[in-house]
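Numbering (this note's numbering), first residue to last: 3 to 243.
Ideal Cβ placement from N, Cα and C applies to all residues, glycine included.
These figures come from a predicted structure and were not determined experimentally.
The block underneath contains the structure these notes are about, expressed in C-alpha cells.
Following this line, the structure appears as C-alpha cells:
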C-alpha cells in the first residue's frame, strides 16, 4: 500500500507567539508532502509543467488531537485517493514519534493554466494506478455556511508576498489571513482542533479582502473573506484550550 512519509523539524519560524505550529506553516508542509508524493507517482510539477497544467486546492479539512509545537519532529504521511471525474482527493496523517496527532483530507482540481479552466482528472491519471482504499478520516461535509451577521475583523490588500507562480494568492497564505481574524490575546487562549477551508475564487494582486468572523451557537467560528462583497474564501474552525 503506497504512502509517502516525510519528517519535518518544526522550526522557530514555523510557530506563533506560544510556540505552536501556525496554520499557514502546517498547510505549507502538507502541500510540500503532497507535491513530493505526486512527483513520485508521475503527476507532479515536472510532469505537468510541459503541458501547462497544474493542480489547485478546492478544500482542506484538518483535525488535530493535540498541539504541534516548536522542536517537534512532525511526520506527515500522505496518499492519493481514487479521483472522481474532476475532483482529486488526497488524505494525510500526522505523527510525532509513534503518536498519531492528527488527520486531514483535501480536494484538488486539475486546471489548464492558460485559461484556468478545469480539466478531467483522466488527463493526467493513469487508469492502471492502484489507489489506496483506506481513508485517514470519513469527513465528507464540504459545505460551509456563509456568514450573514458577522463582524468585520480587518481588511487587507493582496500583495506581492501573498502571490505564487499561478499569479494569485497562494492557498497556504490564507492560513495567516483567516487566523488573523483573531487577536494575539485571543489566540493565546485557543488551540486549533479542526479547520475546514473552502477556496471559492482566487484573489489577485491589489484586491481588497475584507475578513469577517462569526461565532456559531456550537462554539465553532466562521471566518470568510470577501472582495467588494463577493465571497472568495471560507473557513470553519474549532478551538480547544
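For a test of the three-state rule: what should DSSP assign to residue i, helix, strand or coil?
{"i": "residue 37", "result": "helix"}
{"i": "residue 140", "result": "coil"}
{"i": "residue 104", "result": "strand"}
{"i": "residue 163", "result": "helix"}
{"i": "residue 177", "result": "helix"}
{"i": "residue 188", "result": "helix"}
{"i": "residue 89", "result": "strand"}
Have a look at the DSSP bridge pairing and note the partners of residue i.
{"i": "residue 156", "result": "213"}
{"i": "residue 193", "result": "242"}
{"i": "residue 1", "result": "The chain is shown only over 3 to 243; residue 1 falls outside these bounds and no answer can be derived."}
{"i": "residue 132", "result": "Answer is none; residue 132 lacks a bridge partner."}
{"i": "residue 222", "result": "According to DSSP, residue 222 bridges with nothing at all."}
{"i": "residue 120", "result": "113"}
{"i": "residue 227", "result": "213, 235"}
Which same chain residues end up closer than 6 Å to residue i when comparing Cβ atoms and leaving out the 5 residues on each side of it in sequence?
{"i": "residue 39", "result": "6, 80"}
{"i": "residue 226", "result": "149, 214, 236"}
{"i": "residue 204", "result": "170"}
{"i": "residue 180", "result": "225, 237"}
{"i": "residue 172", "result": "166"}
{"i": "residue 25", "result": "177, 181"}
Let me know if residue i comes out buried or exposed under the rule of 16 or more other beta-carbons within 10 Å of its beta-carbon.
{"i": "residue 86", "result": "exposed"}
{"i": "residue 224", "result": "buried"}
{"i": "residue 228", "result": "buried"}
{"i": "residue 221", "result": "exposed"}
{"i": "residue 48", "result": "exposed"}
{"i": "residue 125", "result": "exposed"}
{"i": "residue 239", "result": "buried"}
{"i": "residue 246", "result": "One cannot answer for residue 246 here, as it falls past the ends of the chain, which runs 3 to 243."}
{"i": "residue 154", "result": "exposed"}
{"i": "residue 93", "result": "buried"}
{"i": "residue 104", "result": "buried"}
{"i": "residue 162", "result": "exposed"}
{"i": "residue 119", "result": "exposed"}
In chain order, what residues of the same chain have a beta carbon less than 8 Å from the beta carbon of residue i, not counting five sequence neighbours either side?
{"i": "residue 43", "result": "4, 82, 131"}
{"i": "residue 89", "result": "60, 109, 110, 111, 123"}
{"i": "residue 190", "result": "19, 20"}
{"i": "residue 98", "result": "70, 74, 75, 76, 77"}
Go through its chain and collect everything with a Cβ distance to residue i's Cβ below 7 Å, but skip five positions before and after it.
{"i": "residue 72", "result": "12, 14, 17, 21"}
{"i": "residue 141", "result": "63, 107"}
* Asked: What beta strand (DSSP E) runs, 3 residues minimum, are completely inside the segment 7 to 76?
  -> Here the runs fully enclosed are 55 to 66.
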